[in-house]
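Below: one structure, written as C-alpha cells.
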Amino acid sequence: MNRYLFVAPAIVYVLSSFPSGVQAQNHGDIFTVAGNGTGAHAGDGGLATQASLRFPARVALAQGHLFIADSVNNRVRKIDESGHITTAAGTGSNVFSGDGGPATQAGINPAGIAIDADNNIYVSDGINHRIRKIDTSGNIITVAGDGFGQGNNFGGRFSGDGGPATLASLNAPKGLAIHGNNLYIADHANGRIRCINLTTGTITTVAGNGSFTPVNGVAATQSGLLDPYDVAVDNAGNIYIALLGENAIRRVELTGTINRVAGGTAGSGGYGGPATTAQLDHPQGVAVFNGHVFIGDSFNNRVRMVNTAGTISTIAGSGPTGPGQGSFSGDGGPGCGA
C-alpha cells in the first residue's frame, strides 16, 4: 500500500506555507497533485494539476478523495480519484452565510479541515470564528462557535466550556483533528486547544489557559500556548500541537501533562540530533504516523520528522530559509531536493 505525505503549503499531514499548490511525497519522492503555481481561483471540472489554488491551508483524505481548504479562495476544493477538481463548499465570499443549505452556496473562510469515520467534513471557518460541518448529502451547518471572536487578537472572546459548542466563543480557529468521537480545535487567538464531544455537542478546553507562558510538566490546562496553529492526535490519544509563536511542538500525554517535544527557539539548527534542542521557525502544521511526528517548518521551507527515538531530520525541502524565501522545484525527485 502506498503511503503519502501531503505537504503543500499547509497540508494535511504536514504544512509548510506555499501559495498555490499541493504536493505529495511517496517513498521519498515528491510530486504535485494540485495547483499550477498561479495564485487564483480557476480550473473546476478539470485536472487538479492544471487548476489554480490560493494559499491552501490544510487537506484531508476520505474514500480516495482529497479535500483542500483553499483559504484565500474561500472554498473547499475536492479532488476525485481521477485527479479532477471541483468545489465542495464555498462561493468565494468569506462572509458567513448558508447554514442549513448546500455547502456550495455558503460563505466560508476555510482554515482547517478534518473528516470523521462517517465521511462528514468539518471545516474551521477562521474569520467567522466557527466550525462548520458538511454532511454526506452536501449540506452545511455550524457545530461550534457563536461568531463573536475578535480576529487574531489574543485575549479576545473566550467562553462556553462545559456547554453546547454552538454557544461557545472561538477566536480565529485553525487546524482540526478527529480522534474517536472527539473533534479537536486549535483555537488560535484564544491560546487553547478545545475539544467537542461529537455525540453530546459539549465543548471543553484540553490545553492552554489563555496566557503566553508555556510550562513543561504540568497539567495542559495550566500551561500557556503561544499561537496554537495546528493539532494532531496519535492512535493512543496523545495530542500534538504546532505552536507558531513558540516555534515548538508540544504533546499532551494521556495523563493530561504537557511537554515540549521539538523546537522552542527560532532558527534552523540542530538537525540530526535531539528534537528538543533543535530549532524551528514558525511551524504551521503537525501530523503523526506510526509514532513519527511530522512538522511543517514554514519559515524554514522544510518538512521535518521526529522519529520514535526523538531525533529530528529533514524529509522535504531545501534552499534558503526565512519568510518569503521559498521557491518551487524538484517534482519527481527526492523530497529533500525540492
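Position 325, counted from 1, in the sequence shown is what the working numbering calls 325; the numbers after and before it change by one each time, with no gaps.
Using N, Cα and C, we set each Cβ at its ideal position, and we do this for glycine too.
Taking DSSP's pairing of strands, which residues face residue i in a bridge?
i       : result
Thr-314 : Arg-304
Val-231 : Ile-241
Ala-219 : Thr-257
Taking 6 Å as the limit between beta carbons, can you name the residues of its chain near residue i, skipping five residues before and five after?
i       : result
Pro-214 : Ser-223, Gly-224, Glu-246
Ala-266 : Asn-247, Asp-281
Ile-196 : Ala-144, Ala-165, Leu-183, Ile-203
Taking DSSP as the reference, what is the three-state secondary structure of residue i?
i       : result
Thr-104 : helix
Ser-93  : coil
Phe-299 : helix
Thr-32  : strand
Ala-236 : coil
Gly-112 : strand
Gly-126 : helix
His-188 : helix
Ala-117 : coil
Ala-62  : strand
Thr-205 : strand
Starting from the C-beta of residue i, find all residues in its chain whose C-beta is less than 8 Å away, skip the five residues before and the five after it, and write them out in chain order.
i       : result
Thr-104 : Thr-87, Ala-88, Ala-89, Gly-90, Thr-91, Gly-138
Ile-141 : Asp-99, Gly-100, Arg-132, Lys-133, Asp-135
Asp-80  : Gly-64, His-65, Thr-86
Asn-120 : Lys-133, Ile-134, Asp-135, Thr-136
Gly-145 : Asp-125, Asn-128, His-129, Arg-130, Ile-131, Ala-165, Thr-166, Ala-168, Ser-169, Leu-170, Pro-173
Ignore the nearest five residues each way along the sequence and tell me which others in residue i's own chain have a CB closer than 7 Å to its CB.
i       : result
Gly-237 : His-179, Leu-254
Val-72  : Arg-54, Phe-55
Gly-256 : Ala-219, Ala-220
Could you tell me which of the options sits nearest to residue i, measuring between CA atoms?
i       : options                            : result
Ala-57  : Arg-260, Phe-96, Gly-83, Asn-109   : Asn-109
Gly-291 : Val-33, Thr-308, Arg-302, Ala-275  : Thr-308
Gly-160 : Thr-204, Asn-190, Val-261          : Thr-204
Ile-345 : Gly-273, Phe-289, Val-218, Val-231 : Outside the modelled stretch of the chain, which goes from 1 to 338, sits residue 345, for which no answer is possible.
Gly-191 : Leu-198, Phe-212, Gly-37, Leu-176  : Phe-212
Ala-172 : Gly-296, Leu-183, Gly-147, Ile-196 : Gly-147
| task | Mind listing, in chain order, the continuous beta strand (DSSP E) runs of no fewer than 3 residues lying wholly within the segment 249-290? | result | For secondary structure counted as the beta strand (DSSP E) over 3 or more consecutive residues, the segment 249-290 holds these complete runs in sequence order: 257-263, 283-289.
Please specify which runs of the beta strand (DSSP E), each continuous and at least 3 residues long, are wholly inside the segment 135-184, giving them in chain order.
You should have 140-144, 176-179.
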